[in-house]
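Here the protein sequences come in this chain order: A and B. Position 177 (the first sequence) corresponds to 177 in full-length UniProt numbering; numbering is contiguous. Position 85 (the second sequence) corresponds to 85 in full-length UniProt numbering; numbering is contiguous. A quick write-up on the structure given underneath.
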Amino acid sequence: MSTKLWTTSYYALAGGLTVLFLFPLIWTGYASVAPAGATNQQDGFGFGNYVSLLEYDAGLGRYLWNSAYVSILTVAFTLALSIAGGYAFARFTFRGRDTLFLLTLAILMVPYSTLLIPLYSMLGDLGLRNTLTGLALVLTLYQLPFAVFMMRISFEAVPKEIEESAMCDGAGTFGVLTRIMLFAVWPGLITVGLFSFLAAWNDFIAPLVLVSEADKAVLPVAIANLRQQSMGAIDFGATQAGVVVMALPCLVLFALLQRHYVRGFMSGAIKG
Amino acid sequence: MRYSRKLAGALYAAPVAAFVLAFFVAPLLLVGRMSASDWPLLAGDLGINLPDNYAGIADNPLFWPAVGFTLKYTGIVVVILIGLSLLLALIVADRRKGTGFFRTAYFLPTTLGLASASLLFFGFYSPAIGPLDPLLESFGLGPVSWLGTPTAALWSTVVLIVWKFAGFFMIILLVGLQSIPPDVYEAARLDGANRWQSFRHVTVPLLRPALGLVLILSVTGSLLAFDQFFILTKGGPDNSTVTVVQLIYREAFQRFDLGAAAAISVVVLAALLVLNIGQFRALRRDDQ
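Put into structure tokens, the structure is as follows:
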């Protein structure tokens with residue numbers, strides 16, 4: 001095959017696939033503002049569907065708050081646990097170290113759905129069912145294997161000399177951690193924070209099972225319920241507006257933190 | 001000094017240890033006990049009833065259809081996903097004009113959540129506002145009921161999943177492709193290999209670890225499918241697209257039987273452990 005024909009077919013294929021991959025994304029943005037029957041946007045283009053969302057049930061503001069609260073809490077729990085744990089696994093020897101590390105990674109082997117049934121019952125006993133804090137704790141559980149693994153390799157990559165010179169200056173292990181190590185591992189922190197935020201923001205089955213009160217619903221559950229609004233008829237316009245609202249933070253984070261995205265996948269590849 | 005350092009290490013690890021015990025080990029033990037107990041959703045623990053919950057699984061009229069459907073869905077998704085993501089990775093692997101743009105375009109759907117993507121396609125396939133029927137109509141075709149028949153619902157969901165995840169697996173395979181040293185290709189070229197031969201005999205064997213990871217991730221993810229069917233097809237039409245995880249959800253929260261749900265959960269866990277150990281062994285044997 002001649003080089004020119006090869007190049008032409010390469011770009012035809014790559015371009016055609018680009019259209020297929022981008023089309024649904026562009027369509028949802030379009031459909032959220034385009035006029036359509038049985039929606040709040042009947043005549044001409046406009047933001048009627050977003051207005052429906054603002055007024056839907058407890059209101060978009062409430063659901064946004066719930067989702068943001070759960071996501072930020074999950075990031076905080078995940079970072080706190082994986083910083084302390086990663087530091088311990090990377091720099092200390094203590095009894096049960098390897099067992100605990102393997103046990104943490106073993107969370108990956110157990111399907112989400114297997115743990116949700118007992119967690120539903122346990123959270124009820126602890127008074128944490130139907131609370132956003134309880135939900136954040138469960139979401140943290142599934143971030144832990146990746147986060148602890150990531151922080152462990154991040155701490156291990158810091159040269160020991162830096163730590164030792166600080167120790168000679170009289171700093172304790174905690175001082176070394178907060179004053180030196182955290183600055184050295186910040187790319188790992190961003191990757192862990194990014195992935196736990198996205199996982200919590202997008203999770204569907206855990207909030208569906210663990211939180212049943214309508215005004216505590218997170219965005220994905222609220223938008224999925226929204227479909228049954230207005231006397232059994234499905235409000236497709238508001239649904240697509242909801243998809244846009246859920247997708248925007250993810251797209252913005254992707255645009256800002258592209259490098260850290262790929263970093264996370266790379267460590268995933270090493271893991272396997 | 002040695003002693004205090006050991007203590008410090010244990011102290012830093014203590015939060016993770018406490019968390020893993022409380023939220024992983026304890027529920028794992030509890031699911032075993034629940035699966036052996038009469039445990040209605042509202043009444044709670046009514047005592048051991050072994051082996052009723054396990055015996056009941058085989059009598060559940062939805063169980064075998066759900067297993068069959070989940071396996072069929074997994075087979076289709078895995079084959080298409082690996083094929084397409086390999087194609088995408090090959091397209092964007094070379095540094096030529098436009099590959100950065102193509103890479104971003106193929107990856108963008110991955111940034112969405114699975115529930116968001118499912119809701120997107122719920123509208124995309126709908127006769128009310130979906131763009132597909134008007135498009136077909138302009139060619140004098142359609143309309144098509146994208147979710148109306150069991151076959152259509154299955155393939156429509158496969159399209160959603162492939163769209164959502166192909167870019168993710170593309171990145172893993174891309175990392176694998178980029179770790180193949182260029183001089184291996186050079187050697188193959190000097191030996192007179194054409195494009196296809198160097199792909200078949202150089203790329204594929206050296207890409208094996210990355211392909212293995214993609215295989216394990218896509219198999220596990222598909223076997224545990226829930227969001228896409230819960231949102232897009234709601235298990236229908238006629239319960240034709242109920243997956244195993246959906247069955248667990250139904251037993252627990254629509255039929256209010258946590259014991260039965262726990263028993264299915266334990267079976268799923270055991271099946272996945274066996275499968276994953278099998279896959280690891282097979283891949284490791286191939287490596288040697």
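Here a beta-carbon is modelled for each residue, glycine too, at the ideal position from N, C-alpha and C.
Counting only beta-carbon separations shorter than 8 angstroms, does residue i have a partner in chain B?
i: A:Pro24; result: yes
i: A:Asn49; result: no
i: A:Val262; result: yes
i: A:Val176; result: no
i: A:Val33; result: no
i: A:Gly44; result: no
i: A:Gly272; result: Bear in mind that the predicted position of A:Gly272 carries a pLDDT of just 33, short of 50, making it too unreliable to give a figure here.
i: A:Tyr112; result: yes
i: A:Ile117; result: yes
i: A:Ile223; result: yes
i: A:Leu251; result: yes
i: A:Arg259; result: no
Mind checking if residue i is an interface residue toward chain A, Cβ cutoff 8 angstroms exclusive?
i: B:Ile76; result: no
i: B:Asp133; result: no
i: residue 304 of chain B; result: As shown, chain B starts at 1 and ends at 288. That puts residue 304 of chain B outside it, with no answer to give.
i: B:Pro15; result: yes
i: B:Pro183; result: Contrary to the premise, residue 183 of chain B reads as Asp rather than Pro in this sequence. It does not: the Cβ of B:Asp183 has no partner Cβ on chain A nearer than 8 angstroms.
i: B:Pro143; result: no
i: B:Pro237; result: no
i: B:Val204; result: no
i: B:Leu190; result: no
i: B:Ile91; result: yes
i: B:Leu177; result: no
i: B:Arg95; result: no
i: residue 289 of chain B; result: Here chain B comprises residues numbered 1 to 288, so residue 289 of chain B is not present and cannot be evaluated.
Measuring CA to CA, which of the options is closest to residue i?
i: A:Ala136; options: A:Ser212, A:Val70, A:Ser154; result: A:Val70
i: A:Leu13; options: B:Leu272, B:Leu173, B:Ile76, B:Phe102; result: B:Phe102
i: A:Ile83; options: B:Ala225, B:Thr149, B:Tyr12, B:Trp64; result: B:Tyr12
i: B:Val202; options: B:Pro143, B:Gly221, B:Pro181; result: B:Pro181
i: B:Leu42; options: B:Gly259, B:Leu21, B:Ala8, B:Gly278; result: B:Gly259
i: A:Val185; options: A:Met122, A:Thr7, A:Ala90; result: A:Ala90
i: B:Leu215; options: B:Arg189, B:Phe199, B:Gln228, B:Leu173; result: B:Leu173
i: B:Phe107; options: B:Asp238, B:Phe169, B:Val274, B:Pro150; result: B:Phe169
i: B:Val219; options: B:Asp191, B:Leu190, B:Ile80, B:Tyr185; result: B:Ile80
i: B:Gly212; options: B:Phe24, B:Gly278, B:Pro143, B:Asn60; result: B:Gly278
i: A:Leu100; options: A:Pro145, A:Asp43, A:Phe236, A:Asn49; result: A:Pro145
i: A:Tyr112; options: B:Ala282, B:Tyr125, B:Leu272; result: B:Leu272
i: A:Asp235; options: A:Tyr10, A:Gln41, A:Ile26, A:Gly15; result: A:Gln41
i: A:Leu248; options: A:Ala166, A:Thr7, A:Ser32; result: A:Ser32
i: A:Ala241; options: A:Tyr30, A:Lys4, A:Thr3, A:Thr191; result: A:Tyr30
i: A:Leu251; options: A:Gly237, A:Asn202, A:Leu17; result: A:Asn202
i: B:Ala26; options: A:Leu208, A:Pro159, A:Asp125, A:Ala171; result: A:Asp125
i: A:Ala147; options: A:Gly61, A:Val218, A:Val243, A:Thr78; result: A:Thr78
i: B:Gly47; options: B:Ser35, B:Phe139, B:Ala55; result: B:Ser35
i: A:Phe155; options: A:Gly85, A:Tyr142, A:Gln143; result: A:Gly85
i: B:Phe124; options: B:Lys97, B:Val268, B:Val159, B:Ala282; result: B:Val159
Excluding the five sequence neighbours on either side, which residues of its own chain have a C-beta within less than 6 angstroms of the C-beta of residue i, listed in chain order?
i: A:Phe204; result: Pro220
i: B:Ala225; result: Thr243
i: A:Leu22; result: none
i: A:Glu213; result: Asn130
Note down, in chain order, each residue of its chain lying with its Cβ closer than 7 angstroms to the Cβ of residue i, except the 5 sequence neighbours on either side.
i: B:Ser222; result: Tyr73, Thr74, Val77, Val78
i: B:Leu62; result: Asn239, Val242, Leu247
i: A:Leu177; result: Tyr87
i: B:Ser85; result: Ala166, Phe169, Met170, Leu173, Val214
i: B:Trp163; result: Pro109
i: B:Ile161; result: Val77, Gln228
i: B:Leu154; result: Tyr73, Thr241
Residues in its own chain within less than 8 angstroms of residue i by CB, not counting five upstream and five downstream?
i: A:Leu210; result: Leu116, Leu119, Tyr120, Leu123, Arg129, Asn130, Gly134, Leu135, Val138
i: A:Thr7; result: none
i: B:Pro150; result: Pro237, Asp238, Ser240, Thr241
i: B:Leu112; result: Leu120, Lys164
Is there at least one Cβ from chain D nearer than 8 angstroms to residue i's Cβ?
i: B:Ala128; result: Among the protein chains of the structure shown, namely A and B, there is no chain D.
Name, going along the chain, the residues of the region 269-284 of chain B whose beta-carbon falls closer than 7 angstroms to a beta-carbon of chain A. Within the region 269-284 of chain B, the residues whose Cβ lies closer than 7 angstroms to some Cβ of chain A are Leu269, Leu272, Leu273, Asn276, listed in chain order.
Residues of the region 231-249 of chain A in Cβ contact with chain B at a cutoff of 8 angstroms, in chain order, please. Within the region 231-249 of chain A, those residues whose Cβ lies closer than 8 angstroms to any Cβ of chain B are, in chain order, Ile234, Phe236, Gly237, Thr239, Gln240, Gly242, Val243, Met246, Ala247.
Relative to chain A, which residues along the region 154-167 of chain B have a C-beta separation below 7 angstroms, given in chain order? Listed by position along the chain: Trp163.
Along the region 50-75 of chain B, where does the CB come closer than 7 angstroms to a CB of chain A? Name the residues. Residues passing the 7 angstroms Cβ filter: none.
Between the region 105-124 of chain B and chain A, which residues of the former have CB atoms less than 9 angstroms from a CB of the latter, in chain order? Listed by position along the chain: Ala105, Tyr106, Phe107, Leu108, Pro109, Thr110, Thr111, Leu112, Gly113, Leu114, Ala115, Ser116, Ala117, Ser118, Leu119, Leu120, Phe121, Phe122, Gly123, Phe124.
What are the complete alpha helix (DSSP H) segments, minimum 4 residues, inside the region 187-247 of chain A? Inside the region 187-247 of chain A, DSSP marks whole alpha helix (DSSP H) runs of 4 or more residues at positions 205-210, 219-226, from first to last along the chain.
Which residues of the region 251-271 of chain B have a Cβ closer than 8 angstroms to any Cβ of chain A? Give them in chain order. So the close ones are Ala252, Phe253, Leu258, Ala261, Ala262, Ser265, Val266, Val268, Leu269.
Please list the segments of the alpha helix (DSSP H) lying wholly inside the region 49-77 of chain B, counting only runs of 4 or more residues, in order along the chain. Listed in chain order, the complete alpha helix (DSSP H) runs (minimum 4 residues) inside the region 49-77 of chain B are 52-59.
Using a Cβ-Cβ cut-off of less than 8 angstroms, list which residues of the region 187-205 of chain A approach chain B; keep chain order. If the cut-off is 8 angstroms between Cβ atoms, the region 187-205 of chain A has Leu198, Trp201, Asn202, Asp203, Phe204, Ile205 near chain B.
Which parts of the region 48-86 of chain A are runs of the alpha helix (DSSP H), unbroken and 4 residues or longer, counting only runs that do not cross its ends? 48-55, all fully within the region 48-86 of chain A.
Along the region 141-171 of chain A, where does the CB come closer than 8 angstroms to a CB of chain B? Name the residues. From the region 141-171 of chain A, only Leu141, Leu144, Val148 have a Cβ closer than 8 angstroms to chain B.
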